[in-house]
Amino acid sequence: SRLSYPSDLSDPAWSRVRPHIVPARLRGRPCPEQRWREYLDAILYVVRTGCPWRALPYDFGVHWSSAHKHFLRWARRGRWQRILDDLSEQVRQDVGRASSPTAGGADSCSVKSTPAAGPRGFDGAKKLNGVKRHVVVDTLGLLLGVSVTAANTQDRAALPHLLAEVTTRCPTLELLWADRGYPGAPPTAAVAALSVTLALVSGVKPPAGSGQFAVQPRRWVVERSFAWMSRCRRLARHYEQTALAHEAMTIVSQIPLMLRPPDKLTEPP
Numbered sequence: 495s496r497l498s499y500p501s502d503l504s505d506p507a508w509s510r511v512r513p514h515i516v517p518a519r520l521r522g523r524p525c526p527e528q529r530w531r532e533y534l535d536a537i538l539y540v541v542r543t544g545c546p547w548r549a550l551p552y553d554f555g556v557h558w559s560s561a562h563k564h565f566l567r568w569a570r571r572g573r574w575q576r577i578l579d580d581l582s583e584q585v586r587q588d589v590g591r592a593s594s595p596t597a598g599g600a601d602s603c604s605v606k607s608t609p610a611a612g613p614r615g616f617d618g619a620k621k622l623n624g625v626k627r628h629v630v631v632d633t634l635g636l637l638l639g640v641s642v643t644a645a646n647t648q649d650r651a652a653l654p655h656l657l658a659e660v661t662t663r664c665p666t667l668e669l670l671w672a673d674r675g676y677p678g679a680p681p682t683a684a685v686a687a688l689s690v691t692l693a694l695v696s697g698v699k700p701p702a703g704s705g706q707f708a709v710q711p712r713r714w715v716v717e718r719s720f721a722w723m724s725r726c727r728r729l730a731r732h733y734e735q736t737a738l739a740h741e742a743m744t745i746v747s748q749i750p751l752m753l754r755p756p757d758k759l760t761e762p763p
């Protein structure tokens, strides 16, 4: 009966994620299906607007502590990742691609931390104290995996662990484009053990003598994925107390994007 927010899911979008949210069996008192939808809408509202959990509007019909509890519970159980994998397969099939990607891109971005407790470090290149989001995306820019570490963690040190998780869910991944922050003997050997070829592309600097910005081949896809994430204000800073919660927030930010029609994927929300 409440007025809808821009972050609310439409009925067709809810029908696609409903099997992952509404449990088949309930212990104790039954919970109406609408209540589970309100939990998800409340979580999407926090991610999109960046408001604190305690500032969640009352007209959602669910208490902020219940929404926060379900958000963390679904993160620990890997439910957000399963939703992301299922939606990315559907999007790839809708555009005529194979359900599992064979190539992708890797990159990272640093985010400032707030006074909240949690992992943090100083990134000397970006001159900020916070965390670093390491992501792997496919050739469409759809998120395949994310790992959050302290900002002083080198890209080449975080890639093997992240790529091991991604290849477990996407065994067809064979080629990965990355910038020149990833070379190194131990990480490259660990990546090679996963049967993934690491192709290095040029950095962000334009070609010599051009004097202007130039789009780097293959690298712009992952940069566009970071731009998609920046639409959610909750990701503008590191507000979470654990890396798991920050990774879940990153995954949740991409769920509404994948629920849009493929021809409107890159349009502003």
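Be aware that the sequence shown starts at 495, since it is given in the working numbering, and climbs by one per residue. Note that CB positions come from ideal geometry on N, CA and C, so glycine has one too. Remember, it's a predicted structure, so these values are computed and weren't measured experimentally.
In this structure, H628 lies away from L667, with their beta-carbon atoms at least 8 Å apart. The stretch 625-642 makes contact with the stretch 600-607: 3 or more CB pairs, one atom from each, lie closer than 8 Å. R627: member of the beta strand (DSSP E) spanning 622-632, first to last residue. Residue A645 holds the alpha-carbon nearest to the alpha-carbon of G618 among C726, A645, G635, P595. Where A600 is concerned, the enclosing beta strand (DSSP E) starts and stops at 597-606. Comparing C-alpha distances from H655 to each of A687, L634, R674, L637 shows the shortest one belongs to A687.
Secondary structure of T666 (DSSP, three-state): coil. Sequence-distant Cβ neighbours of W574 in its own chain, meaning closer than 8 Å and more than five residues away, are W568, A742, I745, V746, I749.
The stretch 534-545 makes contact with the stretch 722-729, as at least three CB pairs between them are under 8 Å.
The Cβ atoms of L694 and R674 sit closer than 8 Å to each other. In the assembly as shown, R614 is a buried residue. Its beta-carbon has 16 or more other beta-carbons within 10 Å.
Within the DSSP secondary-structure output, G615 pairs in a beta bridge with G624.
Assignment of L751 by DSSP, reduced to helix, strand and coil, places it in the helix class. With respect to the C-alpha of A683, the residue from C664, A658, G612 having the closest C-alpha is A658. Just measuring C-alpha positions, the residue of R548, G635, R712 sitting nearest L578 is G635. Relative to the Cα of T736, the nearest Cα in the group K621, R570, K620 belongs to R570. Collapsing the DSSP output to three states places V589 in coil. In this structure, the straight-line span from the alpha carbon of R548 to that of W558 is close to 6 Å. For the 8 Å CB-CB criterion, R712 and P677 do not form a contact. Contact between L753 and R510 holds: their C-beta atoms lie close to 6 Å from each other, under 8 Å. Its chain contains D535 as the residues whose beta carbon lies nearer than 6 Å to that of D502, once the 5 sequence neighbours on both sides are disregarded; these appear in chain order.
Between the beta-carbon of G624 and that of H514 there is about 31 Å, and that puts the pair past the 8 Å contact cut.
Under the three-state reduction of DSSP output, T736 falls in the coil class, being neither helix nor strand.
With respect to R591, D553 sits apart: the two C-beta atoms are not nearer than 8 Å. For A644, there is no enclosing alpha helix (DSSP H); the residue is found in the beta strand (DSSP E) stretching over 637-644. Closest option to E527, judged by alpha-carbon separation, among L538, D505, P546: D505. Between L670 and V690, the C-beta gap is smaller than 8 Å, which places the two residues in contact.
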